[in-house]
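Sequential numbering from 30 applies to the sequence shown in my numbering. Ideal Cβ placement from N, Cα and C applies to all residues, glycine included. Note that this is a predicted model, so its numbers are computed, not measured. Below is one structure, written out as structure tokens; comments come after it.
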Amino acid sequence: MLEILVVSTLAFILALLVTWWLHGGHELDIAVTPAALPPDQEPPLISVIVPARNEARNIHRCLDALLAQTYPSYEVIVVDDRSTDETPSILREIQAEHASQLAADGLSGPPVHVIEGAELPASWAGKPHALQQGVAVSGGQWFCFIDADTFASPQLLSSAYLTATRHGADMFSMLTRQELLTFWEGVILPLVFTALGVGFPARRFNDPSKPDAIANGQFILIRRDVYEAAGGHAAVRDRIDEDRALAQTVKGVGFRLLLANGWQVATTRMYTSFAEIWEGWTKNIFLGMQDQLGLLSFGALVGLLGALALPAWLLLGLFWLLGGGGLVAGIVTAQALLVWAALLYSRAQACRTFEIPQVYAFTLPLGAFMLTAMMFASAFKVLSGRGVSWRGRTYK
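Given below as structure tokens:
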């Protein structure tokens, strides 16, 4: 029994250390707050470029928000990336309604350009190809790349531009507030974002002396001359994680990269069902972390422990105690209970952050199991040569 107690105590110490590591110290130190440009400031033209492939559910909300910006000088370019749903017809309606409203009111406003995307070349991934086509018809001194499932507050462009220029950023990106409205979103996505925050410590990216670089493709603001000097999306044409690849390229040639907390000015609804979550993250995980297989393996191990080993530890301890295991069984059970209390507290804090019911803290084993399953599935799809799929396209 002494051996069991020693193993349990070592596991107890290790689990608390991992919980503490996962819980704290990963927050961004720069936040974007709603702000307006000073009236005497001459703003540069910003070209807002939205890639849209089968975005019928989101595109109206996205463009309505973009066309309500307080920033005084911008254009909106939407690239319909060969959509097979109602996206093209919705875009034509929005474009016509916007032009009609401006004419009727006698107002000037941001022009809306809808680009019919070309066929995807064999050497390109879909999103970088769509963005590159948008850049080709743009006139802005800055580019703003924003996903169709990201919804801006009226102050988004002004606030992001002010934050970027205040900190001397050549390429600026931010984390957006996430809408988690269904069961599987609440179970899985907070764990995914926690894992990303731990695996990619944001403060390192904002340090010009460190080579680490990442960006959130849901929102990127970049100077045109910097984009061109880095080779644009042509330099990352085959990357599924084109946001991270572009950030690495930009920082690698000596430009300033900045990542900030943008929860106050933008919201994203990434997925609405388990099937979408599974397809989206199995697409991203392995291809986006091929250069960090050690980190990916560690994440899978932690996920398995959270999904299987920790519940087994608690249940076996309780059965042993109830079966007359005595003092040692009591200590082992108490250690397991303390670890679970720490984990549940950490998850409850995450629930408050993501504005979901705190009862989701109790779904930790299920979420950890699903996250680990997505890691293995993503690796298997790529390594087996089957490739990952996204919106009707397969990438290997």
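- Check the Cα spacing between T99 and each of L45, P183 and V108: the tightest is with P183.
- The alpha-carbon separation between L160 and E122 amounts to approximately 22 Å.
- Every beta strand (DSSP E) stretch that sits fully inside the region 255-306 and reaches 3 residues is listed by chain position as 286-290 and 295-297.
- Spatial neighbours of V47 in its own chain (CB-CB distance under 7 Å, excluding positions within 5 residues in sequence) are listed in chain order as V331.
- A direct Cα-to-Cα measurement between H142 and P73 gives close to 19 Å.
- DSSP places A81 in the uninterrupted beta strand (DSSP E) bounded by I75 to A81.
- If the five residues before and after S102 are omitted, its C-beta is found closer than 6 Å to the C-beta atoms of P72 and L74, all from its own chain and listed in chain order.
- Rounded to the nearest angstrom, the gap between the Cα atoms of T211 and R86 is 16 Å.
- By alpha-carbon distance to L191, the top candidate from Y424, L351 and V61 is V61.
- Nearest in C-alpha terms to V216, of all of M399, M404 and R298, is M399.
- Relative to the Cα of A408, the nearest Cα in the group I314, A363, W419 and A336 belongs to I314.
- Between L204 and N245 the beta-carbon gap is near 6 Å, inside 8 Å, which marks them as a contact.
- Under the three-state reduction of DSSP output, E115 falls in the coil class, being neither helix nor strand.
- The three-state secondary structure of S202, taken from DSSP, is strand.
- For P80, same chain residues with a beta-carbon under 6 Å away, outside a window of 5 residues either side, are V108, D110, K156, A159 and L160 in chain order.
- Remark: C-beta atoms of W292 and R376 do not approach each other more closely than 7 Å.
- The beta-carbon distance between K410 and T311, rounded to whole angstroms, is 6 Å. This is short enough to meet the 8 Å contact definition.
- For R420, there is no enclosing alpha helix (DSSP H), since its DSSP letter is neither H nor E.
- Under the DSSP assignment, V164 falls in the alpha helix (DSSP H) whose first and last residues are G155 to A165.
- Annotation for A258: V282 and F284 place their beta carbon closer than 8 Å to its own, counting only its chain and skipping 5 residues before and after.
- Pairing Y256 with W153, the inter-Cα distance amounts to about 18 Å.
- Cβ-Cβ distances below 6 Å link A224 to G328 in the same chain, with the five nearest sequence neighbours on each side left out; the list follows chain order.
- For F180, the three-state secondary structure derived from DSSP is strand.
- By the Cβ rule, the region 336-346 does not count as touching the region 294-302, because fewer than three pairs are nearer than 8 Å.
- When C-alpha distances from I175 are compared across R415, I88 and S118, the shortest belongs to I88.
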